[in-house]
Amino acid sequence: AEWLLDVHSESTGLSTDSLADAGYPGASALGDAVCGMAAAKITSRDFLFWFRSHTAKEVKWGGAKHDPEDRDDGRKMHPRSSFKAFLEVVKRRSLPWEDVEMDAIHSLQLILRGSFQDIDDSDTKNMTHARLNDLKLQGMDELSTVANEMVRLIETATAPIFAVDAGGFINGWNGKIAELTGLPVEEAMNRSLVGDLVVEESVEIVERLLCLALQGEEEQNIEIQLKTYGHQSHDGPVILIINTCSSRDYTENVVGVCFVGQDVTRQKVVMDKFTRIQGDYKTIVQNPNPLIPPIFGADEFGFCIEWNPAMEKLSGWKRDDVIGRMMIGEVFGTELTCCRLRGQDAMTKFMIALNTAMGGNDADRFPFGFFDRNDRYVEALLIAHKRTDGDGAVTGVFCFLHTASPELQQALQVQKQSANIALERLKEVAYMKQEIRNPLYGIVFTRKLMESMNLSEEQKQVLETSAVCERQLQKILDEDNFEKLDQGVIELETMEFTMGTVMDAVVSQGMIRSQEKGLQFIRETSVEVKNTCLFGDQLRLQQVLADFLTTAVRFTSSSDGWVGIKVVPTVKKIGDVLHVVHFEFRISHPGSGIPEDLVQQMYDRSQEITQEGMGLSVSRKLVKLMNGDVSYIRQAGVCYFLVHLELPLVQRDGGSKAQ
């Protein structure tokens, strides 16, 4: 710059590709590093310079590989000698400055001149200094406004924020942290963070954070716990995840620490509860206690996620052998699996049970069996339940196996034997029914032949009694659902009949046993009762009355000498046209009567039931089904069944049409 002011003082700039040729005295010292220069004068004391190095900065050969030891023939011009001559020509010379480059330099010179024009004028300097002072004052005001706005934002922030000075005393406490802790701002200020506000478990953590932050090292995502005050003290400490920020003055010295936090108290409570539940789950499921049943489970994709110790013991396969494998195909299957199932049918049923549970319908006590590791067949009952997450979405299935203890296995064996015996009895009953039907058909055929003969009225009455007894027997043989009969939920038939026909059939069923025991049969039935025409289930009425009568005959000794049946009717009028008859059937016999245990069986009050007790129980339920009632009464020297029953009375108009 001094050289330009001395030699080219009148020039506004200079450009050269060789400082040596331009006469710069220090060109030899610069050597090949700086050869070309372009200078632009901005003010009397300011210049801009551009410099360029030697032209031949790099040697690039287009022919043979360069070897410094090679020598060319001096009599001829070779590539090396030609380039050497070129270097002598351009020695200490740079590439020339192009017009485009000079135009750019000149444009920049004009721009900078306009910016620095009259920079030395004293009045302008004073104005500049005044303007700078104004800008400083304006900056201070803006800084104050920004600071006030920052304070307002911190105080109204939804995140808990508090700050301490270098001594660890509170100098900032926003509204959110005051709300969470129950400690107002005015009470929190100047209190020791470590000594007064932090719970004992977090003291060491907060001390470390303060120490690091005062040294300029900030921490993130650290959990601390603060005490609560007032009505919130019963809720326990506030749990915060905080970040520390070092507070600095204008000289960049650390003067305090700011804590910006996030309230995770509720989340922490939920997570702790989840952790406890998870611990309880592991305590229960993974407990080797023999009271815990075998348990295994799968996720929604069918992979095994649970295999407890009881299942390990039952199957012989360890937890690590099955966890992560497909439940269907790898753990349970028909071929090359841990627990082999007995055939494709068993595998299909198992898949249906799992899919049913995944669909939300639990599979309860599903028969399940598999071969364990020692090829021993294990039988159990499978209970499958869906597995859900916190939102109730199904995430898999849990399966519980109920295996029988030796006592239960023995009980099941007895039950199985009882079932087999019952099945055999059913077969015997079916056989007996069939064998009874054959002679019954013969009796029916014979009766029909006799009906075609010329019979007296008395003979016709005897045949009619035989016919209703045949129909009663046929009704009993056709009964195919004894369970409904025992529960008293069968359907009753409605037909027109006379009470005399019913009484003849009932008495005829008890006559043979009475005659065998030498008992006198006393029948107290008026002619009016015999001719009463009724609506109802004639065959069921015959069945129950005959059962009570034959029971009385069975438990009457020959020395007592008699059995009686008495029917007392009472006509009731319902409305203008409907009449019903209330019947009282009294089947009496002398002596001590039937055993009390048999009476209790009739009322279903006895744990054990005999054949006679079952018949009385069914008969009582049939009476109840016909809106009647039956009781057994003991009096001095005589006992009797008392049956109350109401039946609609058939009324005939002038043309003898039944109504």
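At position 602 of the sequence shown the residue is numbered 1299 (this note's numbering), and the sequence of numbers has no breaks.
Glycine residues also receive a C-beta, built at the ideal position from the N, C-alpha and C atoms.
DSSP three-state assignment for Phe-1047, whether helix, strand or coil: Taking the first residue of the sequence shown as position 1, residue 1047 is located at position 350. Helix.
What residue range does the beta strand (DSSP E) around Trp-1004 cover? Residue mapping note: residue 1004 aligns to position 307 of the sequence shown, counting from 1. Taken as a continuous stretch (DSSP letters only), the beta strand (DSSP E) holding Trp-1004 covers 1001 to 1004.
Can you tell which of Ala-1116, Thr-1195, His-931 has the C-alpha that lies nearest to the C-alpha of Gln-1158? Looking up residue 1158 in the sequence shown gives position 461. The shortest Cα separation from Gln-1158 among Ala-1116, Thr-1195, His-931 belongs to Thr-1195.
Beta strand (DSSP E) segment containing Lys-1269, residue limits: Stepping through the sequence shown from its first residue, residue 1269 is reached at position 572. Taken as a continuous stretch (DSSP letters only), the beta strand (DSSP E) holding Lys-1269 covers 1259 to 1271.
I need the straight-line Cα distance from Phe-866 to Ala-885, nearest angstrom please. Working through the sequence shown from its first residue, we reach residue 866 at position 169. Working through the sequence shown from its first residue, we reach residue 885 at position 188. If I take the Cα positions, the gap works out to 9 Å.
DSSP three-state assignment for His-803, whether helix, strand or coil: For the purposes of this step, residue 803 is taken as the residue at position 106 of the sequence shown. Here His-803 sits in helix by DSSP.
contact_flag[the stretch 1232 to 1241, the stretch 1261 to 1273] where n(CB pairs < 8 Å) is 3 or more: no
Can you tell me the Cα-Cα spacing of Val-1340 and Val-1327, whole angstroms? Residue mapping note: residue 1340 aligns to position 643 of the sequence shown, counting from 1. Residue mapping note: residue 1327 aligns to position 630 of the sequence shown, counting from 1. Computed Cα separation, rounded: 4 Å.
First and last residue of the uninterrupted beta strand (DSSP E) at Leu-923: Your numbering for residue 923 matches position 226 in the sequence shown. Segment 919 to 923, the beta strand (DSSP E) holding Leu-923.
Looking at C-alpha atoms only, which residue of Arg-1016, Ile-1025, Val-954, Leu-1011 is the closest neighbour of Glu-997? As a first step, residue 997 must be located in the sequence shown, where it is residue number 300. The shortest C-alpha separation from Glu-997 is found at Ile-1025.
With three or more beta-carbon pairs closer than 8 Å as the criterion, would you say the stretch 1004 to 1020 touches the stretch 1037 to 1044? no
When the Cα of Thr-713 is compared with those of Ala-736, Val-704, Trp-700, Glu-699, which residue comes out closest? By one-based count along the sequence shown, residue 713 stands at place 16. The option with the nearest alpha carbon to Thr-713 is Ala-736.
Taking buried to mean at least 16 other C-beta atoms within 10 Å of its own C-beta, is Glu-898 buried or exposed? In the sequence shown, counting from the first residue as 1, residue 898 sits at position 201. Glu-898 is exposed by the Cβ-count criterion.
Residue from Val-1226, His-1279, Arg-789 whose Cα sits closest to the Cα of Met-734: Mapped onto the sequence shown, residue 734 falls at position 37. Closest option to Met-734, Cα to Cα, is Arg-789.
Leu-1011 to Asn-1005, Cα distance in whole Å? On the sequence shown, residue 1011 is found 314 positions in, with the first residue counted as 1. On the sequence shown, residue 1005 is found 308 positions in, with the first residue counted as 1. Using only the alpha carbons, I get a separation of about 10 Å.
Can you find the residues in the same chain that come closer than 8 Å, C-beta to C-beta, to Val-1320, ignoring five residues on each side of it along the sequence? Numbered from its first residue, the sequence shown carries residue 1320 at position 623. Counting only Cβ-Cβ distances below 8 Å, and skipping sequence neighbours, we find Val-1241, Asp-1326, Val-1327, Val-1340, Leu-1342.
Inspect the CB distances between the stretch 1149 to 1163 and the stretch 1178 to 1187 and report whether three or more fall short of 8 Å. no
What are the complete beta strand (DSSP E) segments, minimum 3 residues, inside the stretch 883 to 949? 919 to 923, 935 to 945
Leaving out the 5 sequence neighbours to the left and right, which residues in its chain are closer than 6 Å to Thr-1229 when beta-carbon positions are compared? In the sequence shown, the residue the question calls residue 1229 occupies position 532. Contacts found: Met-1196.
Kindly confirm or deny that the stretch 1289 to 1303 and the stretch 1196 to 1216 touch, where touching means at least three C-beta pairs closer than 8 Å. no
Just to confirm, are Gly-994 and Val-1094 a CB contact at a threshold of 8 Å? If you number the sequence shown from 1, residue 994 lands on position 297. If you number the sequence shown from 1, residue 1094 lands on position 397. Yes, the Cβ-Cβ distance between Gly-994 and Val-1094 is below 8 Å.
So, is Ile-1291 buried or exposed, given that buried needs 16 or more other C-beta atoms within 10 angstroms? Counted from its first residue, the sequence shown places residue 1291 at position 594. With 16 or more other Cβ atoms within 10 Å, it is buried.
Can you tell me where the alpha helix (DSSP H) holding Thr-1357 begins and where it ends? Past the edges of the chain, shown from 698 to 1356, lies residue 1357, and the structure says nothing about it.
By the DSSP assignment, the beta strand (DSSP E) with Thr-1092 in it spans what residues? Here the question's residue 1092 lines up with position 395 in the sequence shown. It spans 1091 to 1099 - the beta strand (DSSP E) in which Thr-1092 sits, taken as one unbroken run.
Taking Cβ to Cβ, would you say Ala-1101 is nearer than 8 Å to Gly-1066? Residue 1101 sits at position 404 when you count from the first residue of the sequence shown. Residue 1066 sits at position 369 when you count from the first residue of the sequence shown. Against a cut-off of 8 Å, the Cβ pair of Gly-1066 and Ala-1101 comes out as no contact.
Taking C-beta to C-beta, are Ala-717 and Ser-725 nearer than 8 Å? Here residue 717 corresponds to residue number 20 of the sequence shown, with the count starting at 1. Here residue 725 corresponds to residue number 28 of the sequence shown, with the count starting at 1. For Ala-717 and Ser-725, yes; Cβs fall inside 8 Å.
To which residues does DSSP link Gln-1332 through a beta bridge? For the purposes of this step, residue 1332 is taken as the residue at position 635 of the sequence shown. In DSSP, Gln-1332 forms a bridge with Val-1335.
Leaving aside the five residues before and after Gln-922 along the sequence, list all residues of the same chain whose C-beta is less than 8 Å from its C-beta, in chain order. To locate residue 922, count along the sequence shown from 1; it is residue 225. Only Val-895, Val-896, Glu-898, Ser-899, Pro-934, Val-935, Ile-936, Leu-937 meet the Cβ criterion.
For Cys-1035, name the three-state secondary structure that DSSP assigns. The count along the sequence shown starts at 1 and reaches residue 1035 at position 338. Coil.
Cα-Cα separation between Lys-1046 and Arg-1070, rounded to whole angstroms: Locating residue 1046 in the sequence shown gives position 349, counting from the first residue. Locating residue 1070 in the sequence shown gives position 373, counting from the first residue. Lys-1046 and Arg-1070: Cα-Cα distance of roughly 22 Å.
Please confirm whether Thr-1203 and Phe-1218 have their CB atoms less than 8 Å apart. Counted from its first residue, the sequence shown places residue 1203 at position 506. Counted from its first residue, the sequence shown places residue 1218 at position 521. Residue identity check: residue 1203 is Val in the sequence provided, not Thr. Cβ atoms of Val-1203 and Phe-1218: not closer than 8 Å.
Through-space distance from Ser-889 to Thr-941, alpha-carbon basis: Numbered from 1 along the sequence shown, position 244 holds the residue referred to as residue 941. Numbered from 1 along the sequence shown, position 192 holds the residue referred to as residue 889. Their Cα atoms are separated by approximately 17 Å.
Taking 8 Å as the threshold (C-beta atoms), are Met-1208 and Val-1264 in contact? Along the sequence shown, one-based indexing puts residue 1264 at 567. Along the sequence shown, one-based indexing puts residue 1208 at 511. Cβ distance not < 8 Å, so Val-1264 and Met-1208 don't count as in contact.
Hey, could you find the ends of the beta strand (DSSP E) Val-861 is sitting in? Within the sequence shown, numbered from 1, the residue matching residue 861 stands at position 164. Here the beta strand (DSSP E) through Val-861 covers 858 to 862.
How many Å lie between Val-704 and Leu-809 at the Cα? Along the sequence shown, one-based indexing puts residue 704 at 7. Along the sequence shown, one-based indexing puts residue 809 at 112. Each residue's Cα considered, the two are about 23 Å apart.
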